[in-house]
Amino acid sequence: MSARSEGARARDSLPVVWIRRVGAMSLFFAQVMARLIPAFGKPGLIVRQIYNAGARSLVIVMLSGLFVGMVLGLLGFDTLQRFGSEDSLGVLAALGMLKVLGPVLTALLFAGRAGTSLTSEIGLMKSTEQLTAMQMMAVDPLRHVVAPRFLGGVIAMPLLAATFSVIGLFGAQLIGVQQMGVDVGAFWSQTQEAVDLRDVTEGIVKSLVFGVACSLIAVYEGYQSEPTPEGVGLATTRTVVTSSVMVLLLNYLLTAAFLVKN
Amino acid sequence: MNSNQPTDSQAGDAVIEVRDAHYSVGGRKIFDGLNITARRGRITAFMGPSGTGKTTLLRLITGQVVAESGSVKVWGDEVSRMSSQELFALRRRMGMLFQNGALLTDEDVYENVAFPLRAHTRLPESLVRQLVLTKLHAVGLRGAARLTPAELSGGMARRVALARAIVMDPDILIYDEPFVGLDPISMGVICRLIKQMNEALGITSIVVSHDVQELSSIAHDSFLLSGGKVVASGTPEELSRSALPEVKQFMGGLDDGPVPFHYPAPDYAADLLGESP
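Read top to bottom, the protein sequences are chains A and B. The numbering used here puts the first residue of the first sequence at 15, with every later residue one more than the last. The numbering used here puts the first residue of the second sequence at 118, with every later residue one more than the last.
Structure representation (structure tokens):
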């Protein structure tokens with residue numbers, strides 16, 4: 015790349031920088047997608063990445079889900095009892111967890127825990143010439159390093175979101191039923207009656223979309239990072255910021271889309 | 118004739134040919150009409166002060182970067198015109214030893230050496246094991262097969278990387294600064310291994326380094342790079358007898374000469390007495 019083009023790029027305005035970044039990310043996404051099926055040829059690599067992104071995030075996701083559910087139980091009970099409908103606490107907690115809190119908060123936790131790990135791992139592999147060494151061994155790093163990590167994140171994210179929602183519902187029940195005295199039968203029967211497959215589907219679709227977005231951003235930032243300690247650090251920060259904003263934006267768009275559809 | 122000079126039967130055709138290559142990064146010229154040739158079965162050394170583009174030359178040869186003009190040919194094929202698949206096919210016939218080893222940090226020594234075999238072949242595990250242990254034995258690290266890269270010293274990591282580089286039996290072996298940061302014992306081991314690989318396996322070896330002593334003991338041909346060009350070439354003995362100032366400074370390790378000790382700066386006194394920058 016010439017000095018002039020580098021200089022010209024440095025002078026680009028923020029919208030131009032973002033448009034270029036979205037374009038580069040789209041191309042990168044297409045390249046990764048083209049390597050997904052070949053990546054299944056080495057299932058061991060994918061399983062390892064599901065473990066790294068999923069199992070290693072499990073504790074933080076379960077703990078967070080429990081606490082969020084407990085807060086939901088407390089605030090939900092306090093609000094609903096003003097209208098004499100505290101028996102609907104289960105419905106409130108289940109719908110809140112399944113449709114919004116589960117997918118969104120899990121995605122934010124995922125971006126902070128697994129996303130940063132993916133970015134820094136790939137960035138460090140780049141700065142220590144491991145990716146170049148692979149290319150020199152005629153091995154495509156996009157297929158061998160990026161695609162399995164991307165797939166691992168996409169598969170792990172809905173599982174983590176489901177775990178978050180289930181534990182959160184348990185937390186709400188713990189506070190509502192055990193501490194506030196809501197009838198356990200009413201809690202679960204109303205939940206069973208009010209929550210249908212569309213609500214579950216909404217949660218699954220959202221968590222899948224968030225999984226794709228967070229994993230793509232994480233592997234992209236790692237792969238494109240400057241091969242220096244500062245570059246890897248900046249890339250890791252960009253992963254968290256971009257993923258978080260993207261999750262909240264996508265959540266609004268998906269919520270609106272599901273409302274229109276239903 | 119150099120004692121390292123191979124016999125006529127060993128000295129074959131040109132494997133790598135770079136002709137009038139130009140390449141620049143960020144407006145700074147790295148190569149300005151570079152010409153080099155590496156012949157089959159020989160150890161060819163590219164020497165030069167830091168920043169003269171020795172590693173960039175390797176990147177040109179392996180197709181990681183493309184010259185702005187001129188020609189870079191490997192086995193007669195123009196590298197810049199190769200498709201990704203052709204480039205990967207070319208690289209399967211090459212092995213490369215990186216400055217820091219570039220071992221995969223999430224795999225142990227055994228898996229690092231087995232990596233190219235698993236990526237490119239469907240050999241049974243028993244055969245993979247035999248090949249990996251054979252190569253590790255050749256570099257003296259069969260006993261370290263289950264260590265992780267973090268548990269290896271710099272010299273050991275370099276040797277594991279060498280085992281990995283030769284596991285596919287390449288025709289060309291490229292060494293990027295193989296002696297950097299090594300103690301004298303490790304340096305001697307790497308030197309011996311480079312020579313051994315060349316003599317026992319007939320591999321064409323390209324060594325990029327600025328360690329004159331070590332290179333002189335193993336290289337058949339040497340090229341001294343400076344200012345984006347080859348300023349001298351020949352056997353290490355011929356280079357050490359050269360009267361060219363660039364060659365004398367580099368071979369003699371002189372701190373001043375064509376490569377100045379001081380980076381270009383304004384007048385010293387004016388700088389000291391002037392305003393702070």
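No residue lacks a Cβ here, since even glycine has one placed at the ideal position from N, Cα and C. Since the model is a prediction, treat every value here as computed from it, not as a measurement.
In this structure the stretch 118-133 of chain A does not touch the stretch 207-217 of chain B; the number of beta carbon pairs closer than 8 Å is below three. Residues of chain A whose Cβ lies closer than 9 Å to the Cβ of B:L221 are, in chain order, M139, Q144, A147, M148. Here the stretch 159-167 of chain B does not lie against the stretch 182-198 of chain B, with fewer than 3 beta-carbon pairs under 8 Å apart.
Using a Cβ distance threshold of 7 Å, A:M39 and A:Y234 count as a contacting pair.
In chain order, E143, A147 make up the part of chain A whose C-beta sits under 7 Å from the C-beta of B:F215. Between B:L253 and B:R246, the CB-CB gap reaches or exceeds 7 Å. Taking a C-beta distance under 7 Å as the contact criterion, A:M260 and A:S221 do not qualify as a contact pair. Below the 9 Å Cβ cutoff, chain B contributes no neighbours of A:V61, its closest Cβ being approximately 14 Å away.
Inclusion of B:G212 and B:A282 in the CB contact set at 7 Å is warranted, their separation being smaller than that value. Just so you know, the alpha carbons of A:A125 and B:E228 end up roughly 30 Å apart. Along the stretch 171-189 of chain B, the positions whose C-beta sits under 8 Å from a C-beta of chain A are T179, Q181, read in chain order.
When the Cα atoms are used, A:N66 and B:K346 turn out to be separated by approximately 48 Å. Taking 7 Å as the CB threshold, B:P233 lines the interface with chain A. Counting along the chain, the unbroken beta strand (DSSP E) around B:D149 starts and ends at 145-156.
As the crow flies, the alpha-carbon of A:V82 is around 54 Å from that of B:V297. At least one CB of chain A lies nearer than 7 Å to the CB of B:R208. B:V249 sits close to B:A231, with the two beta carbons spaced by under 7 Å. Rounded to whole angstroms, the Cβ separation of B:I320 and B:A155 is 12 Å, and the two are not in contact under 8 Å. The secondary-structure analysis by DSSP pairs B:Y292 across a beta bridge with B:L214, B:V324.
Against B:F205, the close residues of chain A are A152, in the order they occur along the chain (beta-carbon pairs closer than 7 Å). Taking 7 Å as the threshold, the shortest C-beta distance from B:A280 to chain A does not fall below it. If you draw a straight line from the Cα of B:P362 to the Cα of B:P375, it is about 7 Å long.
Within chain A, the residues placing a beta-carbon under 8 Å from that of B:A236 are M151, A152, V153, H158, ordered along the chain. With a cut-off of 8 Å on Cβ pairs, the stretch 110-126 of chain A is not in contact with the stretch 167-178 of chain B, counting fewer than three such pairs. A residue is called buried once 16 or more other Cβ atoms fall within 10 Å of its Cβ, and B:A278 is buried on that count. It is roughly 11 Å from the alpha-carbon of B:A349 to the alpha-carbon of B:M368.
Rounded to the nearest whole angstrom, the CA to CA distance from B:I147 to B:L177 is 11 Å.
With a cut-off of 8 Å on Cβ pairs, the stretch 98-116 of chain A is in contact with the stretch 196-214 of chain A, counting three or more such pairs. The three-state reading of DSSP puts B:E354 in helix, counting H, G and I together. Sequence-distant partners of A:V223 (beyond 5 residues in either direction) whose C-beta falls short of 7 Å from its own C-beta, in its chain, are L264, L268. The stretch 231-247 of chain A makes contact with the stretch 159-174 of chain A, as at least three CB pairs between them are under 8 Å. Taking the Cα positions, B:S333 is about 54 Å away from A:S71. Pairing A:R62 with A:T251, the inter-Cα distance amounts to about 25 Å. Straight through space, the alpha carbons of A:T253 and A:I181 are spaced by roughly 27 Å.
In the DSSP secondary-structure assignment, B:F340 is bridged to B:F163, B:S350. Per DSSP, the continuous alpha helix (DSSP H) segment holding A:V223 begins and ends at 211-238.
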